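Take the sequence shown: its position 178, counted from the start at 1, is 522 in our numbering, and no numbers get skipped. Just so it is clear, CB atoms sit at the ideal spot from N, CA and C, and this is done for glycine as well. All figures in this text were calculated on a predicted structure; none of them were measured in a lab.
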Amino acid sequence: MDGNRNGTRRWSIGELARATGITVRTLHHYDAIGLLVAGERTAAGHRRYTEADVRRLYRIRSLQALGLSLAETAAVLTAPVEGLDSLEDLLATQLERLAAHAERLRQLQDRIEQLLGRIRSRTVPDAGQFLSTLEMISMFDGYFTPEQRSQLAARAAGLGPDAVEAAKASWAGLVQELLQHVRQQTPAADPGVQELVARWDALATRFNGGDDAVKATAQQVWQDQSETISRTMPWPADELRALVAYLHEARQVV
345 MDGNRNGTRR WSIGELARAT GITVRTLHHY DAIGLLVAGE RTAAGHRRYT
395 EADVRRLYRI RSLQALGLSL AETAAVLTAP VEGLDSLEDL LATQLERLAA
445 HAERLRQLQD RIEQLLGRIR SRTVPDAGQF LSTLEMISMF DGYFTPEQRS
495 QLAARAAGLG PDAVEAAKAS WAGLVQELLQ HVRQQTPAAD PGVQELVARW
545 DALATRFNGG DDAVKATAQQ VWQDQSETIS RTMPWPADEL RALVAYLHEA
595 RQVV
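Okay, here's the thing in structure tokens:
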């Protein structure tokens, strides 16, 4: 990180990537499409990001976490970066999402504590209590609303068990192929990668019906629950997280 200049800090692209966990490739893409352009350049032409750039990057990632596309994010950011009203609205929305997430956790904690209390008192909980807790776990792990879960289940039932199993096999193959590209650091804009991502999204659409809210929630599940998901799959959590980031990056390619 550069020393203070006029009382403010400056970051190189590598320093910003390390500090935020965002890949240099993604920052280059943001620069190329004009979403986040470094506020300054050195005499040698190297990017130097300012504190204002960091605040803008925070808004970009926060808006994406809320399910906005890059184009939608760019439209929102036409408001002044320093606009306090805009930033207040963004933080308030984030806080609402965190509060809802915390409430799901609290409810699940209460249910499990009730079950644990009965077991410790040597009283076997009845099936209804287990079913209720399983429902809470499903809601927490899945992040989906009851209506969304019903829709997903209905689509899967409509496809039939054979088609569902075939889709699982196809999906596993796509994971393997895409992870190979992740390991080889193939550019996300590579035509072969784009074709694989298109197949991935087409396969997912058979289950999510192209519903943007469901897709955004599913992506959030992969980001938040990679450790849990990896326990039931032959891929480690860090590779699954890298795959999610790679898919997101590939979808942003114009």
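Label residue i either buried or exposed according to how many other C-beta atoms from any shown protein chain fall within 10 Å of its C-beta, with 16 as the threshold for buried.
i: His372; result: exposed
i: Leu360; result: buried
i: Ile481; result: Only weak support exists for where Ile481 lies, its pLDDT of 48 falling under 50; the coordinates are left without a value.
i: Val541; result: buried
i: Leu442; result: exposed
i: Trp557; result: Before going on, a small fix: residue 557 reads as Ala here, not Trp. That one is exposed.
i: Gln596; result: buried
i: Ala516; result: exposed
i: Thr417; result: buried
i: Asp397; result: buried
i: Ala562; result: buried
i: Gly365; result: exposed
i: Ala419; result: exposed
i: Ala382; result: buried
i: Pro580; result: exposed
Under 8 angstroms, do residue i and residue j count as touching if we go by C-beta distance?
i: Arg400; j: Leu414; result: no
i: Arg543; j: Leu518; result: yes
i: Leu584; j: Val526; result: no
i: Ala511; j: Leu547; result: yes
i: Glu395; j: Arg353; result: yes
i: Leu380; j: Ile404; result: yes
i: Tyr590; j: Leu503; result: no
i: Ile357; j: Val368; result: yes
i: Ile495; j: Gly553; result: As written in the sequence, residue 495 is Gln, which differs from the Ile given in the question. Against a cut-off of 8 angstroms, the Cβ pair of Gly553 and Gln495 comes out as a contact.
Which of helix, strand or coil does DSSP assign to residue i?
i: Glu593; result: helix
i: Trp355; result: strand
i: Thr549; result: helix
i: Thr394; result: strand
i: Phe484; result: Confidence at Phe484 is low in this model, with a pLDDT of 44, below 50, so the placement of that residue is unreliable and no value is reported for it.
Report the CB separation of residue i from residue j in whole angstroms; it is logged as a contact under 8 angstroms.
i: Val537; j: Ala594; result: 6 angstroms
Count the CB pairs spanning the region 532-540 and the region 381-397 that are closer than 8 angstroms, and state whether there are at least three. no
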